[in-house]
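Chains as they are written, first to last, in this note's numbering: chain A, 198 to 409; chain B, 198 to 409; chain C, 198 to 409; chain D, 198 to 409.
Even for Gly, the Cβ is constructed at its ideal location relative to N, Cα and C.
Worksheet: the structure to be examined is printed underneath.
There are 4 protein chains.
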Amino acid sequence: MQSRTPAGRTGRPRSAAADTAILAATRAALVELGWSKLTLGDVATRAGVAKTTLYRRWAGKNELVVDAVAELFDELRLPDSGTLAGDVEGVVLQFAAILARPEAKSGLMAVVAESTRDEALRERIRASIVERQKRLVVEGRARAQGRGELPPETASEEAARTVDLIFDIVAGAVVHRTLVSAEPADEEWVRGFTQVLLTGLAGAGEEPASPP
Amino acid sequence: MQSRTPAGRTGRPRSAAADTAILAATRAALVELGWSKLTLGDVATRAGVAKTTLYRRWAGKNELVVDAVAELFDELRLPDSGTLAGDVEGVVLQFAAILARPEAKSGLMAVVAESTRDEALRERIRASIVERQKRLVVEGRARAQGRGELPPETASEEAARTVDLIFDIVAGAVVHRTLVSAEPADEEWVRGFTQVLLTGLAGAGEEPASPP
Amino acid sequence: MQSRTPAGRTGRPRSAAADTAILAATRAALVELGWSKLTLGDVATRAGVAKTTLYRRWAGKNELVVDAVAELFDELRLPDSGTLAGDVEGVVLQFAAILARPEAKSGLMAVVAESTRDEALRERIRASIVERQKRLVVEGRARAQGRGELPPETASEEAARTVDLIFDIVAGAVVHRTLVSAEPADEEWVRGFTQVLLTGLAGAGEEPASPP
Amino acid sequence: MQSRTPAGRTGRPRSAAADTAILAATRAALVELGWSKLTLGDVATRAGVAKTTLYRRWAGKNELVVDAVAELFDELRLPDSGTLAGDVEGVVLQFAAILARPEAKSGLMAVVAESTRDEALRERIRASIVERQKRLVVEGRARAQGRGELPPETASEEAARTVDLIFDIVAGAVVHRTLVSAEPADEEWVRGFTQVLLTGLAGAGEEPASPP
DNA sequence: CCATAAACGAGACGGTACGTCACGTCTTTAG
DNA sequence: CTAAAGACGTGACGTACCGTCTCGTTTATGG
Chain A
198 MQSRTPAGRT GRPRSAAADT AILAATRAAL VELGWSKLTL GDVATRAGVA
248 KTTLYRRWAG KNELVVDAVA ELFDELRLPD SGTLAGDVEG VVLQFAAILA
298 RPEAKSGLMA VVAESTRDEA LRERIRASIV ERQKRLVVEG RARAQGRGEL
348 PPETASEEAA RTVDLIFDIV AGAVVHRTLV SAEPADEEWV RGFTQVLLTG
398 LAGAGEEPAS PP
Chain B
198 MQSRTPAGRT GRPRSAAADT AILAATRAAL VELGWSKLTL GDVATRAGVA
248 KTTLYRRWAG KNELVVDAVA ELFDELRLPD SGTLAGDVEG VVLQFAAILA
298 RPEAKSGLMA VVAESTRDEA LRERIRASIV ERQKRLVVEG RARAQGRGEL
348 PPETASEEAA RTVDLIFDIV AGAVVHRTLV SAEPADEEWV RGFTQVLLTG
398 LAGAGEEPAS PP
Chain C
198 MQSRTPAGRT GRPRSAAADT AILAATRAAL VELGWSKLTL GDVATRAGVA
248 KTTLYRRWAG KNELVVDAVA ELFDELRLPD SGTLAGDVEG VVLQFAAILA
298 RPEAKSGLMA VVAESTRDEA LRERIRASIV ERQKRLVVEG RARAQGRGEL
348 PPETASEEAA RTVDLIFDIV AGAVVHRTLV SAEPADEEWV RGFTQVLLTG
398 LAGAGEEPAS PP
Chain D
198 MQSRTPAGRT GRPRSAAADT AILAATRAAL VELGWSKLTL GDVATRAGVA
248 KTTLYRRWAG KNELVVDAVA ELFDELRLPD SGTLAGDVEG VVLQFAAILA
298 RPEAKSGLMA VVAESTRDEA LRERIRASIV ERQKRLVVEG RARAQGRGEL
348 PPETASEEAA RTVDLIFDIV AGAVVHRTLV SAEPADEEWV RGFTQVLLTG
398 LAGAGEEPAS PP
């Protein structure tokens with residue numbers, strides 16, 4: 198977000214309602230039109246706001262959509278199912294549900310594509326979306342450790358690397374399944390995927406698996 | 198591709214060189230400008246071709262870029278390292294190398310994003326890129342089965358589902374690592390990822406992993 | 198004008214009809230809206246033409262209006278009333294009639310105002326409007342000389358200077374009367390003005406006038 | 198002007214300095230930018246004043262510029278050269294000098310152009326600029342009558358009409374010479390013009406001039 | 001060897017959206 | 001109540017590409 202009211206300042210303050218309306222309008226436009234046909238003029242109209250107001254707050258389409266999409270992922274909650282596998286399945290299902298929504302589908306990959314040529318945009322995506330949701334992995338592990346399902350951590354650097362790997366695998370697989378393969382990431386698929394993931398993680402560090 | 202010379206027809210035939218030049222120009226433009234600033238007029242100019250010639254062969258930017266990017270992935274070869282793990286690591290590294298190239302980075306995610314609202318485009322991506330490369334998974338498994346590293350298949354439907362899962366996990370993880378996390382998918386990372394993957398796949402079907 | 202068909206050239210030729218339609222639309226817009234509220238987008242719409250077509254042919258509002266107004270003055274004809282005074286009165290009345298039309302009123306002074314900061318525009322006005330109509334003064338003088346009302350010319354440089362002076366006086370007075378004083382330059386006024394002008398010109402070169 | 202302090206009123210009074218600063222800033226902006234690129238926001242900034250202050254006092258750009266330009270013409274003085282011709286030449290030269298200044302050039306014709314569609318603006322120009330300077334013609338005639346160079350007036354209505362005609366001729370010719378012909382109204386030109394004018398006026402009413 | 005017909009280059013065309021600018025108004029805090 | 005500050009809705013700007021359309025020209029094949 199960027200509309201900090203500058204506290205002890207003169208002049209008319211920015212409308213807080215406008216921010217909310219604009220982000221909601223952006224999501225609505227993503228649903229109806231998709232990324233490539235979304236225009237800032239249309240978003241402004243939907244939000245009941247002038248185009249200039251929009252440009253005063255966001256640098257362009259990319260930044261706006263990142264913020265609009267980021268809010269979607271704040272709905273993610275770590276369920277407490279009693280087992281690690283259950284918790285993971287629960288989060289992955291939620292993640293898949295969000296990605297199934299057209300506003301996420303349409304917008305997320307597009308800004309990722311744009312971010313390949315825009316360092317600042319990539320950082321914005323990381324800060325607003327990716328890093329923000331790594332909390333789920335960290336919390337999940339801690340909870341599993343409390344239950345005795347996972348051993349306490351050894352080196353913290355190693356632990357961080359594992360979090361990143363898990364995130365790349367989980368997010369990557371769900372995104373690929375949903376957007377490229379265009380198949381639903383439903384309960385059955387999530388169960389299979391989770392089993393492979395947890396088995397792989399549990400066995401890693403030991404000798405590579407060999408078939409019977 | 199679509200420029201088959203229609204055999205028994207009169208009139209000037211389509212230039213075969215034009216196709217090649219256009220796809221090469223498209224990749225060059227992707228490198229220099231990225232997806233969003235690439236224009237068909239510019240591609241035509243680079244290829245030394247009129248805009249009409251380009252539109253006579255491709256319906257638009259999306260289709261053109263899919264074809265231009267698809268050619269990149271035909272370079273993939275399954276190496277013969279002697280072990281399953283080695284073969285997998287080899288392929289994943291090649292895949293990562295291609296994804297590290299700016300023309301792939303810039304173009305691939307963009308067309309995937311577009312494909313979320315364009316069924317025909319999604320099918321074109323699947324046919325030209327995804328399904329086309331699943332051969333690698335199939336070949337790799339067959340070779341491992343020949344070596345005795347993997348058991349012979351049971352149900353073919355189950356096998357197909359596993360191929361899809363593997364592809365989602367591998368492609369997804371590499372893409373996420375490269376584009377979203379923006380970290381290199383180098384040898385160390387690939388080794389760790391491959392171990393998790395193979396361990397997970399080997400253990401799956403058995404009881405869920407449990408910590409020692 | 199500027200849309201010369203470039204003779205031996207490739208590509209689709211410019212539509213000749215568009216030029217005509219645009220200039221007519223410009224005059225219509227001047228009548229309805231006046232200079233300051235005239236927009237090029239509106240002119241394009243009226244002409245049934247895209248805005249880009251308009252910008253392809255004219256650099257901006259100023260150049261367009263000069264061309265649109267210039268055509269108005271091509272209607273001027275030197276009447277043959279039999280006497281110098283009659284001829285002058287006839288032309289001045291026609292000039293006043295054109296200036297009374299709202300499209301001329303509105304546009305002419307505006308471009309003159311703009312031309313004070315734009316050398317190229319001033320030159321365009323001179324070439325398209327002012328110099329183009331000096332033919333009337335020259336013809337009128339020649340005809341009067343033929344009738345014996347005026348002596349044959351002496352020095353041609355002196356003659357040119359006199360033409361300029363006449364033009365400044367005539368055009369200036371009619372414009373000022375019409376636009377600033379906002380009084381009609383009707384027959385009575387024109388008769389009075391012409392008498393002062395011809396008397397002044399006839400007497401000039403001799404001793405300054407003194408009252409009886 | 199319109200900023201009379203409303204006498205028996207409460208609240209903070211209007212700053213008198215602001216008026217002066219704004220008009221000066223307007224002229225400065227006219228010099229630097231010309232009419233069409235002059236913006237009220239810029240004038241306000243230059244004057245060190247908020248935009249709202251400016252709008253509280255003037256209705257818009259037109260009215261502001263009329264006031265700013267009108268002050269320029271108050272410098273005009275009727276010189277006393279001893280002869281009518283000398284007096285006229287002196288005033289015309291002063292008038293030409295003012296019109297040569299960029300703030301006058303740029304602003305005056307523009308507001309005249311605007312006034313063709315704005316009755317109130319035309320009246321403001323007449324009151325602030327035109328009628329205000331007709332004093333010069335009246336004074337000049339009176340002085341010439343005192344010297345015996347001109348006969349005493351006959352009908353006052355006829356006299357008024359003559360003043361108007363003189364003003365249209367003089368102002369019109371100088372403006373046309375300066376802005377349209379873009380030639381300097383220098384001493385030589387003024388001398389020639391004055392001779393034609395005075396000769397014409399002296400002879401008018403009598404029989405039209407005929408060549409020798 | 002010429003006629004037919006399609007592909008070609010060039011570039012004008014009607015559109016749509018862009019991102020910016022100035023307008024004139026409104027809303028805040030300070031005096 | 002005025003002032004400075006600055007956000008606001010509005011609407012035009014001039015530009016860039018889009019995808020289509022005319023042109024005149026080139027290059028095959030088939031009569």
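DSSP-derived helix/strand/coil call for residue i
i: Thr207(A); result: coil
i: Lys248(D); result: helix
i: Met198(D); result: Only weak support exists for where Met198(D) lies, its pLDDT of 42 falling under 50; the value from the coordinates is given anyway. The answer is coil: DSSP assigns Met198(D) none of H, G, I, E or B.
i: Gly279(D); result: coil
i: Thr351(A); result: coil
i: Lys234(C); result: coil
i: Leu290(A); result: helix
i: Trp255(A); result: coil
i: Ser378(C); result: coil
i: Leu273(A); result: coil
i: Asp383(A); result: coil
i: Leu346(A); result: Per the sequence presented here, residue 346(A) reads as Glu, with Leu not at that position. The answer is coil: DSSP assigns Glu346(A) none of H, G, I, E or B.
i: Ser212(C); result: coil
i: Asp284(D); result: helix
i: Asp315(D); result: coil
i: Arg224(C); result: helix
i: Arg167(B); result: Given that chain B is displayed from residue 198 to residue 409, the structure contains no residue 167(B) and the question cannot be resolved.
Neighbourhood of residue i by C-beta, 6 Å cutoff - its chain only, sequence neighbours within 5 removed
i: Lys248(C); result: Gly238 and Ala241
i: Ala356(C); result: Glu350
i: Trp255(B); result: Leu261
i: Leu269(D); result: Ile295 and Ala301
With 16 other Cβ atoms within 10 Å as the buried cut-off, status of residue i
i: Glu300(B); result: buried
i: Lys302(C); result: buried
i: Ala197(C); result: Summary: the structure shown does not reach residue 197(C), with chain C confined to residues 198 through 409, and so no result is reported for it.
i: Lys258(D); result: buried
i: Gly231(B); result: buried
i: Thr391(C); result: buried
i: Ser353(C); result: exposed
i: Asp284(A); result: buried
i: Glu286(D); result: buried
i: Ser278(B); result: exposed
i: Asp271(D); result: exposed
i: Gly345(D); result: exposed
i: Gly369(A); result: buried
i: Glu311(B); result: buried
Nonlocal neighbours in the same chain, by C-beta distance under 8 Å from residue i, ignoring five residues either side
i: Leu398(A); result: Thr359 and Ile363
i: Arg332(B); result: none
i: Thr375(D); result: Ala293, Leu296, Ala297, Lys302, Pro381 and Ala382
i: Gln342(A); result: Pro348, Pro349 and Glu350
Cβ shell of residue i (< 7 Å), same chain only, five flanking positions each side left out
i: Glu336(C); result: Leu275
i: Ala413(D); result: Look at the range of chain D in this structure, 198 to 409, and you will see that residue 413(D) is not part of it.
i: Val371(A); result: Val289, Phe292, Ala293, Leu296 and Ala382
Checklist entry - Contact between the region 209–223 of chain B and the region 207–223 of chain C: three or more CB pairs below 8 Å? => result no
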